[in-house]
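One structure is given here, and the rest of the page talks about it.
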Amino acid sequence: MRAARTAYPLKWRIMDALEGVAAAIWPARFKRATPYLMLLPAVLLVGLLVLGLIQIADASLRTLDTTTFQFSDDYSIANFRRALTEPLFLVVAQRSLIAALIVTAVTLIFAFPYAYLMVRTRSPRLRKFLLIALFLPFFIGQVVRAYGWLIILGNQGMVNEALGLVGVAPMRLIYNYPAVLFGLVQYMLPFAVLMLAPALTAIPEELEAAAGSLGANWVRIFIHVVLPLARPGFIGAGVVVLTLSLTDFAVPAILGGGSQDFIANAIYDQFFRTSDQGLGATLALMLVALGSILVGLVFALFGAGTLAMGRSRA
Amino acid sequence: MKRFKPTLSHLSRRTFLQATAAFGGASALGLRGAYSQEPEKPAEIIVRAWGGSWVDSLKAGVSDSFTKMTGIAVRHDLTEDNEIQPKVWAAVAQNRVPPIHINWDTTTNATKSALRGVTEDLSDLPNLANVTDLAKPAGLEGFPIVNTYGYVYVLAYRPAAFPDGPPKSWKDLLEPKFKGRLAFYNDGIGFHFPAQVAGGGKLEDIPGNMQPAWDFITKMKAQQPLLGEDPDFTTWFQNGEIDAACTISTNAREARKNGVKIEWVVPEEGAKFDTDGLWIPKGLPENELYWAKQYINHALTKEAQQVWLDGLGLPGVVPGLTPPKDLVGDPSYPTTEADFKRLIRISSKVQVENESEWFSKFKAIMQG
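If you read the protein sequences in the order shown, they are chains G and L.
Note that the working numbering has the first sequence beginning at 637, numbered continuously upward.
Note that the working numbering has the second sequence beginning at 13, numbered continuously upward.
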């Protein structure tokens, strides 16, 4: 006798078929390896990056012959010697590193009160407003935002026009180092807030209330309760802002007026302006090394913060 | 883009010349598509170009008329010349079809590609018979590139900033009032050679001894100039950010067309004269190579050059072109021997072999 259609619906049959296919591809005896299968996309991604790095490492050991614009067959460390001895690269590296540190510190200082208010406010409207204000810049690319600052801060921009109304002559507000730092802080702020907010959410409000009820004023609560508990958020946000600032290209290029290059700009020049991909690869490797050392240092000193996904430091 | 497989097993020089002659004659008579020998037409050809008034001029002068004659659409790829170069080099090295059919490039950059061996030979273009010596790339065998016009890196300035009259020397830019009000290319291109003269050196000493140039550029660094690319100069003049710049006259002219009061001069030390050209990367299917060559051949006709270079305000490589009205007698539009004597020309070979070092040196000074 035929089974009623409703007794075994089509959807179930499809599911059965899919399960059958899945079992054929990945039999039950492989079950213990399933978690490793989940890792496969990440392994593939990292593998591709490593492959790219190997190619870059290979290129970094080859020098450019400017009579044929071909790279040498032999390996040498000439590019590394140039990168470590030519004043241009040292200046640019120093500028990038100092900027990354300043931007990280300033961004965290600005991001904390924003994130704290966003997490703790009792007003849903204010929270929505802060969230929208936070996400809006993500819809506007970094380049567009940097050009926006050119319009606002330029010689004929809104700020100088406003200053002109009170008799102040136009002043150069862009195309200098402070302008680059300003642009980077503005760009990094949403990243830092997003990294800090989960850490602040995890701090029970009762702890602050308890400290207050025991006589601590808001300064002591902030220093002895909130800040220590928010440390994972600070570390996570700090690492993200530090690495993004260190490797930034667009903001120094647009707001720096051509004279405030970072390492990424120097790499671009070697790849695309002088056709010396060997030297460009060398600088790229050194940037990766510098960023890795900095992050390693932070992890060694303070742990991985929110980037450890909630696990405590071993 | 849909690519077509080659329909000819081998495109010999003779075949190309025969087909080209047929094409040229038929084009002149307006006989579209009436040639039995022409290879299959691609749906489009891709020409890398600079944006703004540069691509507008190319479109008006060359691309539109080419499409009208052949029915082949022309797509302009506005990837920067420096950025397309490694892509083309990689494509040729990997035996892939290159991403563009024609590269509109600086002669120096194009020479690098020619030295690397990634350019097609263009010696068989019929219209090369009618061009001036300027079209021939110096120091290279045959025609791996065809220069299509020359240009001058002038001293462009706002007249209001020079109330006592136009600047006569590059040294005039060292006046304290111009601090933060000057602009140069971010690799110093166009300024290295006049700086050599302004710094008390000789052009014959290039590239052996360029210390005078570096000394003068160091003095200029104290003026805290802005450093940028072609579009930046037009924008900076328009926004009142700068009073003077070393830039290609086309950019200054563009700013003037946009209503900015701007003039330009060739200072007493001279100004760099250079050329741009067109070239075809290796690796195209034969039929596409044929039509790419036809495009360049068309760009060398008097009619195409006149419209294209009127837009750019630059002197071409075909005799008998008429200068735009606003550039008659202008030092940025050299036509006579006397005009060229005021300009500085250094061979492409010397530039190509030393450019990387000069750029680094300029950057080291300006970034320091």
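Note that CB positions come from ideal geometry on N, CA and C, so glycine has one too.
#1: At least one CB of chain G closer than 9 Å to the CB of Asn142/L: is that the case?
#2: Which partner residues of Glu52/L appear in the DSSP bridge assignment?
#3: Is it buried or exposed, Trp303/L, if we count other Cβ atoms within 10 angstroms and call 16 or more buried?
#4: Alpha helix (DSSP H) containing Leu820/G: first to last residue?
#5: Kindly indicate which residue of Tyr163/L, Lys273/L, Asn221/L has the alpha-carbon position closest to the one of Leu321/L.
#6: Determine, using beta carbons only, whether Val67/L comes closer than 9 Å to chain G.
#7: Would you be able to state if there are at least three C-beta pairs under 8 Å between the region 770 to 787 of chain G and the region 839 to 859 of chain G?
#8: Which full runs of the alpha helix (DSSP H) of 4+ residues lie inside the region 689 to 732 of chain G, going along the chain?
#9: Please look up how many angstroms separate the CB atoms of Tyr752/G and Leu836/G, rounded, as I've assumed it's under 8 Å.
#10: Measure from the C-beta of Asp244/L to each C-beta in chain G and report whether the shortest distance is under 9 Å.
#11: Go to Asp145/L, then tell me how far its alpha helix (DSSP H) extends in each direction, as first and last residue.
#12: State buried or exposed for Ala40/L, treating a residue as buried only when at least 16 other CB atoms are found within 10 Å of its CB.
#13: Under 8 Å, with one C-beta from each stretch per pair, do the region 235 to 249 of chain L and the region 257 to 266 of chain L reach the 3-pair mark?
#14: For His113/L and Leu290/L, which I take to be in contact (beta-carbon distance under 8 Å), what is that distance rounded to the nearest angstrom?
#15: Can you find the residues in the same chain that come closer than 7 Å, C-beta to C-beta, to Phe174/L, ignoring five residues on each side of it along the sequence?
#16: So which residues on chain G does Pro98/L lean against when the C-beta distance must stay under 9 Å?
#17: Run through DSSP, which three-state label would Trp116/L get?
#18: Relative to the alpha-carbon of Lys124/L, which residue among Ala147/L, Asp136/L, Gly151/L has its alpha-carbon at the smallest distance?
#19: If contacts are defined as beta-carbon pairs under 8 Å, then Glu281/L and Ala210/L qualify, I think. What distance do you get, rounded to the angstrom?
#20: Can you name, in chain order, every residue of its own chain whose Cβ lies under 6 Å from the Cβ of Pro178/L, other than the five neighbours on each side?
#21: Kindly say whether Arg354/L, judged by its beta-carbon, lies nearer than 9 Å to any beta-carbon of chain G.
#22: Helix or strand or just coil, what does DSSP make of Ala304/L?
#23: Counting pairs of beta carbons, one from the region 876 to 891 of chain G and one from the region 735 to 748 of chain G, are three or more of them closer than 8 Å?
#24: May I have the straight-line CA-CA distance separating Phe352/L from Leu326/L, to the nearest angstrom?
#25: With distances taken Cα to Cα, identify the nearest neighbour of Ala920/G among Ala678/G, Tyr644/G, Asp694/G, Glu655/G.
#26: From the beta carbon of Asn115/L, is the nearest beta carbon of chain G less than 9 Å away?
#27: Whole angstroms is fine: what's the gap from Gly42/L's alpha carbon to Asp905/G's?
#28: Any chance the region 124 to 139 of chain L sits against the region 212 to 223 of chain L, with 3 or more Cβ pairs inside 8 Å?
#29: Nearest chain L C-beta to Gln691/G closer than 9 Å, yes or no?
#30: At least one CB of chain G closer than 9 Å to the CB of Met222/L: is that the case?
#31: Pair every Cβ in the region 806 to 813 of chain G with every Cβ in the region 787 to 798 of chain G, then say whether three or more of these pairs are closer than 8 Å.
#32: Report yes if the CB atom of Lys284/L is closer than 9 Å to the CB atom of Phe203/L, and no otherwise.
#33: If you compare alpha carbons, which of Ile308/L, Lys337/L, Ala122/L is closest to Leu58/L?
#34: Does any residue of chain L have a CB that is nearer than 9 Å to the CB of Asp709/G?
#35: Taking Cβ positions only, does Ser895/G come closer than 9 Å to chain L?
#36: Taking the continuous beta strand (DSSP E) assigned at Thr259/L, which residues delimit it?
With the given structure in hand:
#1: What you label residue 142/L is simply residue 130 of the second sequence in a count that begins at 1. No, no contact with chain G.
#2: Along the second sequence, one-based indexing puts residue 52/L at 40. Beta-bridge pairing links Glu52/L to no other residue.
#3: Locating residue 303/L in the second sequence gives position 291, where the first residue counts as 1. Buried, by the Cβ-count rule.
#4: Along the first sequence, one-based indexing puts residue 820/G at 184. Residues 813 to 837.
#5: Along the second sequence, one-based indexing puts residue 321/L at 309. Ranking the options by Cα distance to Leu321/L, first place goes to Tyr163/L.
#6: Your numbering for residue 67/L matches position 55 in the second sequence. At a cut-off of 9 Å between C-beta atoms, Val67/L does not count as an interface residue with respect to chain G.
#7: Note that the region 839 to 859 of chain G does not touch the region 770 to 787 of chain G; fewer than 3 beta-carbon pairs, one per stretch, sit closer than 8 Å.
#8: 714 to 721
#9: As a working note, residue 752/G is residue 116 in the first sequence. As a working note, residue 836/G is residue 200 in the first sequence. About 6 Å; that satisfies the 8 Å criterion.
#10: As a first step, residue 244/L is located in the second sequence; it is residue number 232 there, counting from the start. Yes, because at least one Cβ of chain G sits closer than 9 Å to the Cβ of Asp244/L.
#11: Working through the second sequence from its first residue, we reach residue 145/L at position 133. Here Asp145/L belongs to no alpha helix (DSSP H), and DSSP marks it neither H nor E.
#12: Position 28 of the second sequence, counting from 1, holds the residue named residue 40/L. Because the pLDDT of Ala40/L is 43, which lies under 50, any placement of that residue in the model is unreliable, and the number read from its coordinates should be weighed accordingly. So Ala40/L counts as exposed.
#13: yes
#14: By one-based count along the second sequence, residue 113/L stands at place 101. By one-based count along the second sequence, residue 290/L stands at place 278. Actually they do not touch by this definition, with Cβ atoms about 10 Å apart.
#15: Numbered from its first residue, the second sequence carries residue 174/L at position 162. Within the same chain, no residue comes within 7 Å of Phe174/L by CB-CB distance, once the 5 residues on both sides are set aside.
#16: Counting from one through the second sequence, the residue named residue 98/L turns up at place 86. One finds Phe907, Phe908, Ser911, Gln913 in chain G with Cβ atoms closer than 9 Å to the Cβ of Pro98/L, taken in chain order.
#17: Along the second sequence, one-based indexing puts residue 116/L at 104. Three-state result, Trp116/L: strand.
#18: Walking along the second sequence from the start, residue 124/L turns up at place 112. Among Ala147/L, Asp136/L, Gly151/L, the Cα nearest to that of Lys124/L is on Gly151/L.
#19: Indexing the second sequence from 1 puts residue 281/L at position 269. Indexing the second sequence from 1 puts residue 210/L at position 198. Right, their Cβ atoms sit about 5 Å apart.
#20: Working through the second sequence from its first residue, we reach residue 178/L at position 166. Excluding residues within five positions, the ones whose Cβ falls inside 6 Å are Val277.
#21: For the purposes of this step, residue 354/L is taken as residue 342 along the second sequence, with counting starting at 1. Cβ-Cβ to chain G under 9 Å: no for Arg354/L.
#22: Reading the second sequence from its first residue, position 292 is the one you call residue 304/L. Of the three classes helix, strand and coil, the one that applies to Ala304/L here is helix, per DSSP.
#23: yes
#24: As a first step, residue 352/L must be located in the second sequence, where it is residue number 340. As a first step, residue 326/L must be located in the second sequence, where it is residue number 314. Rounded to the nearest angstrom, the two C-alpha atoms are 14 Å apart.
#25: On the first sequence, residue 920/G is found 284 positions in, with the first residue counted as 1. Among Ala678/G, Tyr644/G, Asp694/G, Glu655/G, the Cα nearest to that of Ala920/G belongs to Asp694/G.
#26: Locating residue 115/L in the second sequence gives position 103, counting from the first residue. Not an interface residue.
#27: Position 30 of the second sequence holds residue 42/L. Position 269 of the first sequence holds residue 905/G. With a pLDDT of 39 at Gly42/L, under the threshold of 50, the modelled position of this residue cannot be trusted; read the value that follows with caution. When rounded, the distance between both Cα atoms is 47 Å.
#28: Because the criterion of three Cβ pairs below 8 Å is not met, the region 124 to 139 of chain L and the region 212 to 223 of chain L do not touch.
#29: Residue numbering aside, residue 691/G sits at position 55 when the first sequence is read from its first letter. Cβ-Cβ to chain L under 9 Å: no for Gln691/G.
#30: Residue 222/L sits at position 210 when you count from the first residue of the second sequence. So no, Met222/L is outside the interface.
#31: yes
#32: Indexing the second sequence from 1 puts residue 284/L at position 272. Indexing the second sequence from 1 puts residue 203/L at position 191. Yes, they are a contact pair.
#33: Translated into the one-based positions of the second sequence, residue 58/L becomes position 46. With the sequence shown as reference, residue 58/L is identified as Ile, and Leu is not the correct amino acid for it. Answer by Cα proximity: Ile308/L.
#34: If you number the first sequence from 1, residue 709/G lands on position 73. By this cut-off, Asp709/G is not an interface position.
#35: For the purposes of this step, residue 895/G is taken as the residue at position 259 of the first sequence. With 9 Å as the cut-off, Ser895/G counts as an interface residue toward chain L.
#36: Within the second sequence, residue 259/L is the residue found at index 247, counting from 1. It spans 256 to 260 - the beta strand (DSSP E) in which Thr259/L sits, taken as one unbroken run.
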